[in-house]
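Number of protein chains: 2
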Amino acid sequence: MTKPTLETLRKGIDEINLQLLELLNKRGEIAKEIGKLKEMQGTKRFDPVRERESLNAILAKHDGPFEASTIQHIFKEIFKASLELQEDDHSKALLV
Amino acid sequence: MTKPTLETLRKGIDEINLQLLELLNKRGEIAKEIGKLKEMQGTKRFDPVRERESLNAILAKHDGPFEASTIQHIFKEIFKASLELQEDDHSKALLV
Chain B
1 MTKPTLETLR KGIDEINLQL LELLNKRGEI AKEIGKLKEM QGTKRFDPVR
51 ERESLNAILA KHDGPFEAST IQHIFKEIFK ASLELQEDDH SKALLV
Chain R
1 MTKPTLETLR KGIDEINLQL LELLNKRGEI AKEIGKLKEM QGTKRFDPVR
51 ERESLNAILA KHDGPFEAST IQHIFKEIFK ASLELQEDDH SKALLV
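Just so you know, the sequences run in chain order B and R.
When we follow the UniProt record's numbering, the leftmost residue of the first sequence carries the number 1, and every step to the right adds one.
When we follow the UniProt record's numbering, the leftmost residue of the second sequence carries the number 1, and every step to the right adds one.
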């Protein structure tokens, strides 16, 4: 087997970046739907119990090269961003 | 069309979380390969030009619900984690 070159490896990373982007966008769209639903139901957008359960489910499946704390940190950033999306929608709703 | 329930939407999020985890792990494995290659070639692991180009390529494809700055922030965290992986490998190599 020939060793992969830096260029080939970087192409792999570039492809994964775009797949990550696509998944983040899909996730953002669903998070917005959840935000709207909670708005209608009058429930709070931030749900620390659900967030902890989600993190636990992710960490239970984690067997990759990163430290568990690193995976947790990245996902917390994603959760925070999704919550901000829902709050943006809420602020816009208040303005109309 | 029936409206999705909170439960259905959350299941969607849970599935995406695990797909994100899988991609992050794949990305981490490739980053480690890159680290080893650079180690052999004696080149620096952190390459700000490459990082900027990667971010630009991601942002050029970005058309989702998140702010561009949010996407950039999340990917910078992923880049940082990957670099740390490479550095961990380097430190271990120095110890043997």
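Heads up, the beta-carbon is just placed ideally off N, CA and C, and yes, glycines get one too.
From the DSSP output, in three-state form, read off residue i for me.
i, result
"Thr70 (chain B)", "helix"
"Gly64 (chain B)", "coil"
"Lys3 (chain R)", "coil"
"Asp47 (chain B)", "coil"
"Gly12 (chain B)", "helix"
"Gly42 (chain R)", "coil"
Would residue i be called buried (16 or more neighbouring beta carbons within 10 Å of its own) or exposed?
i, result
"Ala60 (chain B)", "exposed"
Beta carbon of residue i, beta carbon of residue j: below 8 Å?
i, j, result
"residue 100 (chain B)", "Ile13 (chain R)", "There is no way to answer for residue 100 (chain B), as the model of chain B reaches only from 1 to 96."
"Ala81 (chain R)", "Glu39 (chain R)", "no"
"Leu37 (chain B)", "Leu9 (chain R)", "yes"
"Glu53 (chain B)", "Phe79 (chain B)", "no"
So residue i and residue j are in contact, right, with Cβ under 8 Å, and what is the actual spacing, rounded?
i, j, result
"Lys32 (chain R)", "Pro65 (chain B)", "6 Å"
"Arg27 (chain B)", "Ile16 (chain R)", "5 Å"
"Leu6 (chain B)", "Ile34 (chain R)", "7 Å"
Can we count residue i as close to the ligand SAM, meaning its CB is less than 7 Å from some heavy atom?
i, result
"Gln72 (chain B)", "Ligands are entirely absent from the displayed structure, and the ligand SAM is therefore not among its contents."
Are the region 38-46 of chain R and the region 80-95 of chain R touching, with three or more C-beta to C-beta distances below 8 Å? yes
Say whether the region 59-76 of chain R touches the region 7-27 of chain B, bearing in mind that this needs 3 or more beta-carbon pairs closer than 8 Å, one atom from each stretch. yes
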